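Spelled out as structure tokens, the structure:
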């Protein structure tokens, strides 16, 4: 047990974990969301990046600016743009260890390991997206907040305000973690000095965010309105237990049992138990409420902040004498199993598909807006229009996934009417590529 509390073990774990993540960076090609984000960053100047960000619903600048500066400093590569997510994930594991140590867990390193191998953590540790960064700011804001409660000072309040602001400028839903902090310090601790300093820190961070909010809000609304408006239903809420832990409903049930065991039999006092319940529950409740209000679709990644308290609660089972190790180790094994399955699963093949389009005289994209996915990798690709179709000998039809079959059929009919006939399925996997000749 002493090994799981030693700094040497912590440093060894963080080093090995960082090395493993770095080795895993190239195993998946870029996902569609990464391509969309990087399209607005890779060849833009600073002003162009800031103009692009609000076009994504809820878009805030810090994650995009980090990609921008990484590309400017080191040049573009998948490794370069994904490396920050790796580093932020490793730092979050450090924050989880610190929180577990402060909570006087017998095995704080187990809490860090549970967070590290969570399938949701692993996925966003290997994506050029801002969720790993947001989770890091959120976790360290909790570290500073608990220090502030123990010994309130202006310096700690200032650090807390900075971390909350960094979270807001990375992922606005990170504000739900400070909301949990404030509820707890007011209702449970009744420490008015700490509550005042923490509340002031959150207020200052929110005020710093308001200029961006007012600038971007109308564009956000336009981005949501231009697409499908989503309404969160009871069925949609099933995504939380199914995907948050990455182990399906069985893993979610095991997690719930572990949390109940920790709350019922761990040696924590009432204040500690309620603190971790609030840090877990507030994001899980308010994220669906916010998505429903804004008409945005619900996704487990929006609740990545809840994985920190969940990991600590699961690790707290070890403090239950006798069989307390069983549940954490079972969940650890289940998550590692799902991680292995995910790494072996093929990723999205946009880059491979783009390369296969080069042999055609021009390409037709379905839907037409998907051409940016292919042009990101092969900017010299020719897009078919009325003029190029009349002179083209071969045409590639790029069929992006998640479209209705009649949309594909309409594109094929247009090519047939123009005198082209299908000669080959160049790529059968999504996105599909079909080759046509006269």
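Residue numbers (the numbering used here): 1 to 438.
Glycine included, each C-beta is placed from N, C-alpha and C at the ideal position.
Only a predicted model underlies this, so the values are computations on that prediction, with no experimental measurement involved.
Proximity below 9 angstroms, CB of residue i to CB of residue j
{"i": "residue 86", "j": "residue 18", "result": "yes"}
{"i": "residue 315", "j": "residue 364", "result": "no"}
{"i": "residue 130", "j": "residue 78", "result": "no"}
{"i": "residue 311", "j": "residue 436", "result": "no"}
{"i": "residue 307", "j": "residue 174", "result": "no"}
{"i": "residue 99", "j": "residue 137", "result": "no"}
{"i": "residue 376", "j": "residue 146", "result": "no"}
{"i": "residue 244", "j": "residue 126", "result": "no"}
{"i": "residue 359", "j": "residue 394", "result": "yes"}
{"i": "residue 169", "j": "residue 93", "result": "no"}
{"i": "residue 371", "j": "residue 409", "result": "no"}
{"i": "residue 71", "j": "residue 32", "result": "no"}
{"i": "residue 220", "j": "residue 54", "result": "yes"}
{"i": "residue 128", "j": "residue 30", "result": "yes"}
{"i": "residue 240", "j": "residue 172", "result": "no"}
{"i": "residue 110", "j": "residue 328", "result": "yes"}
{"i": "residue 258", "j": "residue 317", "result": "yes"}
{"i": "residue 206", "j": "residue 143", "result": "no"}
{"i": "residue 20", "j": "residue 332", "result": "no"}
{"i": "residue 161", "j": "residue 182", "result": "no"}
{"i": "residue 301", "j": "residue 124", "result": "yes"}
{"i": "residue 120", "j": "residue 304", "result": "yes"}
{"i": "residue 22", "j": "residue 91", "result": "no"}
{"i": "residue 281", "j": "residue 313", "result": "no"}
{"i": "residue 373", "j": "residue 431", "result": "yes"}
{"i": "residue 361", "j": "residue 392", "result": "yes"}
{"i": "residue 325", "j": "residue 122", "result": "no"}
{"i": "residue 101", "j": "residue 5", "result": "yes"}
Per DSSP, the bridge partner or partners of residue i
{"i": "residue 363", "result": "383 and 396"}
{"i": "residue 435", "result": "396 and 424"}
Burial state of residue i, where buried means 16 or more other Cβ atoms lie within 10 Å
{"i": "residue 3", "result": "exposed"}
{"i": "residue 67", "result": "buried"}
{"i": "residue 211", "result": "exposed"}
{"i": "residue 379", "result": "exposed"}
{"i": "residue 367", "result": "exposed"}
{"i": "residue 214", "result": "exposed"}
{"i": "residue 63", "result": "buried"}
{"i": "residue 434", "result": "buried"}
{"i": "residue 345", "result": "exposed"}
{"i": "residue 34", "result": "buried"}
{"i": "residue 237", "result": "exposed"}
{"i": "residue 48", "result": "exposed"}
{"i": "residue 255", "result": "buried"}
{"i": "residue 150", "result": "exposed"}
{"i": "residue 413", "result": "exposed"}
{"i": "residue 140", "result": "buried"}
{"i": "residue 195", "result": "buried"}
{"i": "residue 400", "result": "buried"}
{"i": "residue 383", "result": "exposed"}
{"i": "residue 159", "result": "buried"}
{"i": "residue 235", "result": "exposed"}
{"i": "residue 407", "result": "exposed"}
{"i": "residue 429", "result": "exposed"}
The ligand NAP heavy atom lying under 8 angstroms from the CB of residue i
{"i": "residue 379", "result": "Only the bare structure without any ligand can be found here, which leaves the ligand NAP out of the picture."}
Beta carbon proximity, residue i to chain C, threshold 9 angstroms
{"i": "residue 101", "result": "The displayed structure is made up of one protein chain only, and chain C is not part of it."}
Query raised in the report: Between the segment 331–342 and the segment 243–256, do three or more beta carbon pairs fall short of 8 angstroms?
Result: yes
Query raised in the report: Taking three-plus beta-carbon pairs below 8 angstroms as touching, is the segment 50–67 in contact with the segment 104–120?
Result: no
Query raised in the report: Should the segment 260–279 be regarded as contacting the segment 169–189, the criterion being three or more beta carbon pairs within less than 8 angstroms?
Result: Cβ pair count under 8 angstroms is three or more, so yes.
Query raised in the report: What runs of the alpha helix (DSSP H), each 4 residues or longer, lie entirely inside the segment 301–353?
Result: Within the segment 301–353, the alpha helix (DSSP H) runs of at least 4 residues that lie entirely inside it are, in chain order, 307–315 and 326–344.
Report task. For the segment 203–260, list the alpha helix (DSSP H) runs that are entirely contained and at least 4 residues long, ordered along the chain. Result -> 239–243
Report task. Tell me, please, whether the segment 68–88 touches the segment 146–165 by the rule of three or more beta-carbon pairs shorter than 8 angstroms. Result -> no
Requested in this report: Decide if the segment 260–273 is in contact with the segment 290–297; the criterion is three or more beta carbon pairs, one per stretch, under 8 angstroms apart.
Outcome: no
Query raised in the report: Three or more beta-carbon pairs under 8 angstroms between the segment 195–204 and the segment 176–186, yes or no?
Result: yes
Query raised in the report: Does the count of Cβ pairs from the segment 410–424 and the segment 349–356 closer than 8 angstroms reach three?
Result: Taking 8 angstroms as the limit for Cβ pairs, the verdict is that the segment 349–356 does not touch the segment 410–424.
Report task. Starting from the N-terminal side, write out each stretch of the alpha helix (DSSP H) that is 4 residues or longer and does not extend beyond the segment 82–131. Result -> 108–117 and 119–125
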